[in-house]
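Enquirer:
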Ligand code: LLP
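Structure below.
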């Protein structure tokens with residue numbers, strides 16, 4: 086599953102002791118395993134190998150430039166949702182031909198920048214968006230290729246905040262609306278519909294909702310072709326679930342075996358947009374215990390990482406395993422809440438955990454935070470965001486400097502002088 090292992094009572098990332106990284110780079114610290122990232126990318130690439138898909142890694146899951154470059158070197162494309170993510174792709178020189186652009190709220194400058202870069206396709210989510218893309222492309226003397234994102238109204242059976250393919254969600258277009266847009270686009274000179282996109286949610290642990298979605302879209306594609314439209318691309322989005330604790334998600338292989346027989350007859354180039362599956366298990370957040378408070382019912386370990394560094398537990402009630410970085414002879418298990426320093430009751434990393442009796446300065450690792458960890462970190466409570474380190478074998482490389490207090494203040498402090 087990943088390359089974080091206990092050896093003689095100490096947690097290692099590949100060949101490097103995590104405690105040594107904490108000493109060298111400080112805490113809180115995100116640590117990633119290159120091997121885990123690459124092996125997960127390869128698992129998808131191999132499982133779908135016979136279809137030769139374009140795998141567009143979903144930048145929002147973890148947008149660190151070094152990680153993007155690593156994946157691009159493996160042949161991955163990128164799924165982006167903003168001009169900032171486009172800039173990240175261009176910064177690592179991924180060929181623009183491998184970038185697809187999703188999101189419900191693309192602005193005019195964002196559309197222009199993506200057209201300028203020469204991306205092959207926008208994933209379009211509404212009629213006004215299609216009209217704006219047509220308009221911007223006309224002004225630039227270009228033709229924008231688009232896939233319409235369908236909302237197939239299937240239940241992905243995941244957390245309500247990360248399900249996206251139900252009719253009550255803001256994402257995508259109903260099947261009748263997509264048909265309508267294909268027809269309207271005949272009159273729009275600067276838009277060329279070339280595909281169908283769908284993304285039904287995230288952390289999906291079974292192939293069943295995907296199968297339902299593909300069946301619905303298969304009918305749509307057949308109908309569109311009957312009406313003379315050419316559908317070259319089928320984009321299945323992302324969403325593959327991973328193991329955080331006791332989940333039993335399908336493997337990439339089992340998933341591919343379940344969906345390939347349905348995708349093949351569509352006779353389209355397949356695009357996939359995995360995020361969490363590639364980087365989720367590949368990262369840990371290393372944090373140091375500041376104080377331990379013993380309460381009546383349980384202990385509170387107050388650590389130096391908070392909800393600003395990792396918001397998933399607060400926002401989604403997400404469970405992340407928390408383990409001591411160094412084994413300890415303290416065998417007694419104590420019911421512990423691992424909480425941050427932020428002034429909110431929602432500021433916790435884990436609740437009711439059975440941990441050895443902790444002491445100040447102990448190190449803990451919060452596991453499987455490679456996806457939507459650092460990417461969702463903020464400066465709440467004016468806390469500089471953590472550093473990030475990428476480990477490959479016995480080598481550890483800083484891939485994002487720890488923010489400094491002065492750097493954090495700079496955009497405001499400069500204005501005090503005016
Ligand atoms: N494609 C589209 C259009 C998306 O919106 C997303 C994620 C992905 C691909 C990648 O999905 P993945 O393979 O990572 O499941 N912050 C939440 C997850 C939000 C997902 C948003 N969209 C979390 O921490 O669980």
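In this note's numbering, the protein residues as written are 86 to 503. Just so you know, even glycine gets a beta-carbon here, dropped at the ideal spot from N, CA and C. A quick note: this is a predicted structure, and the numbers were derived from the prediction, not measured.
(1) Exposed or buried, which one is residue 158 when buried takes at least 16 other CB atoms within 10 Å?
(2) Using a Cβ-Cβ cutoff of less than 6 Å, which residues in the same chain neighbour residue 203 once the five nearest sequence positions on both sides are dropped?
(3) With distances taken between CB atoms, is the gap from residue 101 to residue 450 smaller than 8 Å?
(4) Bridge partners for residue 162 per DSSP, in chain order?
(5) Near residue 328, what residues of its chain come up, given a Cβ to Cβ distance below 8 Å and the 5 sequence neighbours on each side ignored?
(6) Could you name the residues of the same chain whose beta carbon sits closer than 6 Å to that of residue 188, not counting the 5 residues immediately before and after it, in chain order?
(7) Measure the beta-carbon distance from residue 445 to residue 374 and round it to whole angstroms, keeping in mind my assumption that it falls under 8 Å.
(8) Rounded to a whole number of angstroms, what is the C-alpha to C-alpha distance between residue 156 and residue 135?
(9) Given this structure, state the Cα-to-Cα distance separating residue 310 from residue 246, to the nearest angstrom.
(10) On the three-state DSSP scale, how would you describe residue 293?
(11) Nearest CA to the CA of residue 93: which residue from 432, 414 and 238?
(12) Going by DSSP, name the residue or residues bridged to residue 118.
(13) Do you know offhand how far residue 426's Cα is from residue 442's?
(14) If you run the structure through DSSP and keep just helix, strand and coil, what is residue 463?
(15) Give every residue of the same chain whose Cβ lies closer than 6 Å to the Cβ of residue 143, excluding the five residues on either side of it in the sequence, and list them in chain order.
(16) Decide if residue 402 is buried, meaning its Cβ has at least 16 other Cβ atoms within 10 Å, or exposed.
(17) Just the C-alpha distance for residue 235 and residue 115, rounded to the nearest angstrom, thanks.
(18) With a cut-off of 8 Å, do at least 3 Cβ pairs link the segment 459-467 to the segment 386-402?
(19) From residue 406 to residue 423, what does the alpha carbon distance come to, in whole angstroms?
(20) Within the present structure, is the beta-carbon of residue 405 separated from the nearest heavy atom of ligand 1 by less than 7 Å?
(21) State the CB to CB distance for the pair residue 146 and residue 456, rounded to an integer number of angstroms; the pair is presumed to be in contact (CB under 8 Å).
(22) Whether or not the segment 264-282 and the segment 238-245 are in contact is what I'm after, with contact meaning three or more pairs of Cβ atoms, one per stretch, closer than 8 Å; do they touch?
(23) Residue 124 bridges to which residues according to DSSP?
(24) At what residues does the alpha helix (DSSP H) containing residue 218 begin and finish?
(25) Nearer than 7 Å: is that true of the beta carbon of residue 125 relative to any heavy atom of ligand 1?
(26) Measuring CA to CA, which of 351, 109, 125 and 260 is closest to residue 368?
(27) Could you check which residue in 459, 419, 434 and 260 has the C-alpha nearest to that of residue 440?
(28) One question on the structure: do residue 362 and residue 325 come within less than 8 Å of each other, judged by their Cβ atoms?
(29) Taking the continuous alpha helix (DSSP H) assigned at residue 196, which residues delimit it?
Expert: Taking the structure as given:
(1) Using a 10 angstroms sphere on the CB of residue 158, the tally of other CB atoms stays under 16, which defines it as exposed.
(2) 181
(3) Inclusion of residue 101 and residue 450 in the CB contact set at 8 Å is not warranted, their separation being larger than that value.
(4) 141
(5) Close CB contacts of residue 328 within its chain, under the 8 Å cut and outside five residues either way in sequence, are with 86, 334, 366 and 453 (chain order).
(6) Correct list, in chain order: 166.
(7) 6 Å
(8) 20 Å
(9) 34 Å
(10) DSSP, read as helix, strand or coil, puts residue 293 in helix.
(11) 414
(12) 476
(13) 19 Å
(14) The answer is coil: DSSP assigns residue 463 none of H, G, I, E or B.
(15) 164, 323, 358 and 360
(16) exposed
(17) Linking residue 235 to residue 115 through their CA atoms gives a straight-line distance of about 36 Å.
(18) yes
(19) Spanning the two alpha carbons is a distance of roughly 11 Å.
(20) no
(21) 4 Å
(22) no
(23) BP columns for residue 124 are empty, so no partner.
(24) 212-225
(25) no
(26) 125
(27) 419
(28) Less than 8 Å divides the Cβ of residue 362 from the Cβ of residue 325.
(29) 193-202
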